[in-house]
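**Q** Here the protein sequences come in this chain order: U and S. Going by full-length UniProt numbering, the first residue of the first sequence is number 1, and it counts up by one from there. Going by full-length UniProt numbering, the first residue of the second sequence is number 1, and it counts up by one from there.
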Amino acid sequence: MTSRPKQIHLAAHFPGVNNTTVWMDPRSGSQIDFSSFEHLARTAERGLFDFFFLAEGLRLREHNGRIHDLDVVGRPESITVLNALAAVTERLGLAATVNATFNEPYELARRFASLDHLSGGRAAWNVVTSSDAFTGENFRRGGFLDRADRYTRAAEFVAAARELWDSWTPDGTPRPFAHTGRHFTIDGEFGVPRSPQGHPVVIQAGDSDEGREFAASTADIIFTRHGSLEAGRAFYADVKRRLARYGRAPEELKIMPGVTLVLGDTPADAREKAAEIRRQQVSPQTAILTLEQIWGVDLSGHDPDGPLPDIDPDPESQLAQGRVRHGDPLAVAAKWRALSEEKGLSIRQTVIEATGRQSFIGTPEAVAAELAEFVAADAADGFILVPHLTPGGLDDFVDRVVPLLQERGVFRTAYTGPTLRDHLGLTDPGERG
Amino acid sequence: MAVPTGTLHLAAAIDAIDGDGQYQAPYYVELARLAEDGALDFITLDDSLGPPGPGRGRLDALAVLARVAPATGRIGLVPTVTTTHTEPFHVSSSVATLDWVSRGRAGWRVEVSTTEAEARLVGRRPAAPAGELWAEAGEVADVVARLWDSWEDDAEIRDTATGRFVDRDKLHYVDFEGAHFTVRGPAIVPRPPQGHPVLAVAATDPVTWQTAARHADVVYIRATSPEEAGRVRDELRRRAVAHGREPGALTVLAAVAVDLADGEGAPGSSPAMGDAPVPLTDTPGGPPLYHGGPVELAELITGWHTADAVDGFHITPVDPRHDLERFVNGSVALLQHRGLFRTFYPGATLRDHLGLSRPANRYAPEREAAR
């Protein structure tokens, strides 16, 4: 008897509010209209993907005290979009990113349980945290949470949500709940019966030590950064090792890096397309702005086709608000200067070179082989694809790569069950009552 | 006989009764399509933060109607949304998104959470008196509309030459300061298709009247006679005018629970009523109850509308599958036959159905003036 090769899990990320998404391309459609979401979700379902993933924004990003205007700005609210997508898809998992800092367990548990019911067991929640006062200005509670408490609140939030989801018996009788903790003291009766999956699938995004530990303790999927095969294997081994501490088996947490892909008819064609996409992603204005995010000072006087600034970054700068930091600014600046000098690159060329080259570039055959290798080598359990175009950015992959993965025997040829847990091979969380 | 001056508006609740598939989408889709077959203005779905009663459950109403949206084409979708233990910013985003996924058919019925039990589910603030919470609901309605205006309709420019996706001069901070909360803005969701999704208030209790008169597009009122309904509508319109609004800005619907009886529902067949008009029974805690046949209900609607007492009706079928079907195929069909109610939707959005124009953006003139 031959054993079945390790299977790949696939998810699709709606092109987001960041400079991966190319809006200048003539093929780029609406980022807001439901038809764009419907096209991408239907394409993902045609490709038998595990789930469709939406990110979240709670405050428009700012740069130098003004709203950042060079990337896509604005998006509809995720859970509501996913409830609508449940009407136009049948099997595809539906994952929403929702912040644990600016919500409360009762209401959010209720919203995810409702999505799980209305989609017949396809809901997933990507738990993110934030603590910044900048985002807090849009909320009653303000920027109330210390950075150090982000994960303790998130962990208690998820635990409380699970208590609520477990509070109804499977035969439909609600039992009172009471949760007392450092962040939440709540009690009463949950208003939604146990949903088809019992608990919606929980996703954790982030690679920090705290994030890994949080994922190992309670998540079903970790949405991580993509890197080299070796880095992927090290991350994979580290995270899977942590599971035993929580009495969990390695297969109970799926590791899915976010990846970008460029397909071409030949390797040269793919490389050319990839370079063109990078130029679209990093406009001259975006190049200067990216540099300003590192340097922390106004560089609008610099020529994007000229050399890097000779001044040092201001590490204390508050220039960029509402976005993830690039790491230590002085170190990044030194690295970029070295790169620029070594290859003789302008500001724009340096930014293109130093930020976000696509993860996989090649012919469908080559990309399929690389994806399969990553999973076979235990550098991942699957991938969250991040297309650069709305709404057609997934079409090529589904038409040209999915059949090759199926031929290799590493990807499903049909959905085997109705729920997202079925697609992921996760067991029912059971009843803890 | 006076000729009715306004268009007749009809809306129906599709709240489930227990054990009727109320935790699955098909139940709601079926009822929504039925209401749409009757060309009703909108359907509503009630909600509360906690369970509807001990041992009972319900799904999030806005979620259900988002699920219904792609399965319907024209009918307005009005879920109840609570404002007491929720974040105004999230409320604004969710209702705007319902408007996007339904292509301009969203509304929301504002409701407050007054009970100690609800306060304990969330654990952030104690219970408060209804008057205070309705005043706060007014602030929420205000900031939500400001957030919808915080994007001008043409803010997205996609200007390749300058690399700009939006014109940030057309995005606005709302800087709202209420008695209980502040919101900075702008919204995350661009201005919804209707500009402002329709705001409804069940103004069956006078504690809601001030907020309803100031912020609502649609109100449901409690009355058991056309005379009483006319008095309440006059009072609400007087208050709306005091807030600087046009009296016609409020669409006033009589709330009626409808039990369309057994039997064939032919004229005169309603139990114990003979040929006399079927009166509404005052029921504490809910809308007045109509118990009779669909034809007599059409007579009642015609009578109230002809007397110009209300702009229409919001009916709550006691058993939706049974009573909504008889309402649409009996009462509504008769009203259509008499030319009193539309037979198709001439417009695409809920504001179109209600005869409401798309509101101007409050921030655009300031920007124009500053140029």
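Quick reminder that beta carbons are idealized off the backbone N, C-alpha and C, glycines included.
Please tell me whether S/Leu-8 and S/His-305 are closer than 8 Å, where the distance is taken between their beta carbons.
**A** In this structure, S/His-305 lies closer than 8 Å to S/Leu-8 by Cβ.
**Q** Can you tell which of S/Val-81, S/Arg-146, S/Pro-52, S/Val-258 has the C-alpha that lies nearest to the C-alpha of S/Ala-360?
**A** The option with the nearest alpha carbon to S/Ala-360 is S/Arg-146.
**Q** Which one of S/His-353, S/Arg-371, S/Ala-364, S/Glu-366 has the shortest CA to CA distance from S/Gly-6?
**A** The shortest C-alpha separation from S/Gly-6 is found at S/His-353.
**Q** Under DSSP, the alpha helix (DSSP H) around U/Arg-348 begins and ends at which residues?
**A** 347-354 is the extent of the alpha helix (DSSP H) around U/Arg-348.
**Q** For the segment 61-72 of chain S, which residues have a beta carbon sitting closer than 7 Å to at least one beta carbon of chain U?
**A** Result list: Leu-62, Ala-63, Val-64, Ala-66, Arg-67, Ala-69, Pro-70, Ala-71.
**Q** Compare the beta carbon distance of U/Phe-34 and S/Trp-100 with 8 Å and say whether it is the shorter of the two.
**A** Yes, the pair counts as a contact, with Cβ atoms nearer than the cut-off.
**Q** Quick one: which unbroken beta strand (DSSP E) runs of 3-plus residues sit fully inside the segment 151-208 of chain S? Chain order, please.
**A** Listed in chain order, they are 156-159, 164-166, 198-202.
**Q** Output yes if chain S places a C-beta closer than 8 Å to the C-beta of U/Gln-281; else output no.
**A** No, its Cβ sits nowhere closer than 8 Å to a Cβ of chain S.
**Q** Mind pulling the chain S residues with CB within less than 7 Å of U/Ala-331?
**A** Here the premise fails: no neighbours, minimum Cβ distance about 28 Å.
**Q** Return helix, strand or coil for U/Lys-254, following the three-state DSSP convention.
**A** Three-state DSSP puts U/Lys-254 in a strand.
**Q** Quick one: which chain U residues come within Cβ less than 7 Å of S/Tyr-23?
**A** Residues of chain U passing the Cβ test: His-117, Pro-193.
**Q** Could you check the C-alpha separation between S/Asp-60 and U/Ser-114 for me, to the nearest Å?
**A** Near 6 Å, if we compare the C-alpha coordinates of U/Ser-114 and S/Asp-60.
**Q** Kindly say whether S/Leu-199, judged by its beta-carbon, lies nearer than 8 Å to any beta-carbon of chain U.
**A** No - not a single Cβ of chain U is within 8 Å of the one on S/Leu-199.
**Q** Compare the C-alpha of U/Arg-111 against each of U/Glu-77, U/Arg-141, U/Asp-132 and name the closest.
**A** It is U/Glu-77.
**Q** Can you tell me whether U/Ser-236 is buried or exposed? The criterion is at least 16 other CB atoms within 10 Å of its CB, across all chains shown.
**A** Per the sequence shown, residue 236 of chain U should be read as Tyr rather than Ser. Classification for U/Tyr-236: buried.
**Q** Hey, does U/Ser-131 have any beta-carbon neighbour from chain S nearer than 8 Å?
**A** It does not: the Cβ of U/Ser-131 has no partner Cβ on chain S nearer than 8 Å.
**Q** Check whether the segment 196-203 of chain U and the segment 350-357 of chain U touch, using three or more Cβ-Cβ pairs below 8 Å as the test.
**A** No, the segment 196-203 of chain U does not touch the segment 350-357 of chain U.
**Q** Looking at U/Thr-129: is its Cβ nearer than 8 Å to the Cβ of U/Arg-150?
**A** Cβ distance < 8 Å, so U/Thr-129 and U/Arg-150 count as in contact.
**Q** If distances are taken between C-alpha atoms only, which option among U/Leu-424, U/Pro-193, U/Arg-91 comes closest to U/Arg-46?
**A** Closest by alpha carbon: U/Arg-91.
**Q** Assuming S/Pro-317 is part of the beta strand (DSSP E), what are its boundary residues?
**A** Where S/Pro-317 is concerned, the enclosing beta strand (DSSP E) stretches over 312-317.
**Q** Going by DSSP, what residue range makes up the beta strand (DSSP E) through U/Asp-187?
**A** Its beta strand (DSSP E) spans residues 185-188.
**Q** With 8 Å set as the bound, which would you pick, yes or no: does the beta-carbon of S/Arg-184 sit closer than that to a beta-carbon of chain U?
**A** Yes, S/Arg-184 counts as interfacial toward chain U.
**Q** For S/Gly-123, would you say it is in contact with chain U, using Cβ-to-Cβ distances shorter than 8 Å as the test?
**A** So, interface residue.
**Q** Express the C-alpha separation of S/Arg-109 and U/Thr-290 in angstroms, rounding to a whole number.
**A** Taking the straight line from one Cα to the other gives about 44 Å.
**Q** Kindly list the residues whose CB is nearer than 6 Å to the CB of U/Asp-220, restricted to its own chain and excluding five residues on each side of it in sequence; keep chain order.
**A** Taken in chain order, the residues that qualify are Val-201, Val-202, Leu-426.
**Q** Determine the chain U residues that contact S/Val-189 at a beta-carbon separation under 9 Å, and present them in chain order.
**A** Those are Ile-32, Gly-74, Arg-75, Pro-76, Glu-77, listed as they occur along chain U.
**Q** Going by DSSP, what residue range makes up the alpha helix (DSSP H) through S/Gly-138?
**A** S/Gly-138 -> alpha helix (DSSP H) spans 130-149.
**Q** Alpha carbon to alpha carbon, what distance is there between U/Pro-193 and U/Trp-165?
**A** Cα-Cα distance, rounded: 8 Å.
**Q** Can you pull the chain C residues whose beta carbon is under 7 Å from the beta carbon of S/Phe-42, in chain order?
**A** No chain C appears in this structure, whose protein chains are U and S.
**Q** Tell me whether the segment 87-102 of chain U and the segment 139-159 of chain U touch, counting them as touching only if at least three CB pairs, one residue from each stretch, are closer than 8 Å.
**A** As far as the Cβ criterion goes, the segment 87-102 of chain U touches the segment 139-159 of chain U, which means the pair count is three or higher.
**Q** Regarding U/Val-401 and the ligand FMN, is the C-beta to nearest heavy atom distance less than 7 Å?
**A** The ligand FMN is not part of this structure, which contains no ligands at all.
**Q** With a 10 Å radius around its C-beta and 16 neighbouring C-beta atoms as the bar for buried, classify U/His-226 as buried or exposed.
**A** With 16 or more Cβ atoms within 10 Å of its Cβ, U/His-226 is classed as buried.
**Q** By a C-beta neighbour count over all protein chains shown, 10 Å radius and 16 as the cutoff for buried, is S/Pro-190 buried or exposed?
**A** S/Pro-190 should be labelled buried.
**Q** Among all the DSSP beta bridges, which residues are the ones paired with U/Phe-51?
**A** DSSP output for U/Phe-51 lists U/Ala-11, U/Gly-93 as bridge partner(s).
**Q** I'd like to know whether the C-beta of U/Pro-304 is nearer than 8 Å to at least one C-beta of chain S.
**A** Chain S contact via Cβ: absent.
**Q** Can you list, in chain order, the residues of its chain with a C-beta nearer than 7 Å to that of S/Val-232? Leave out the 5 residues immediately preceding and following it.
**A** Ile-221, Ala-223.
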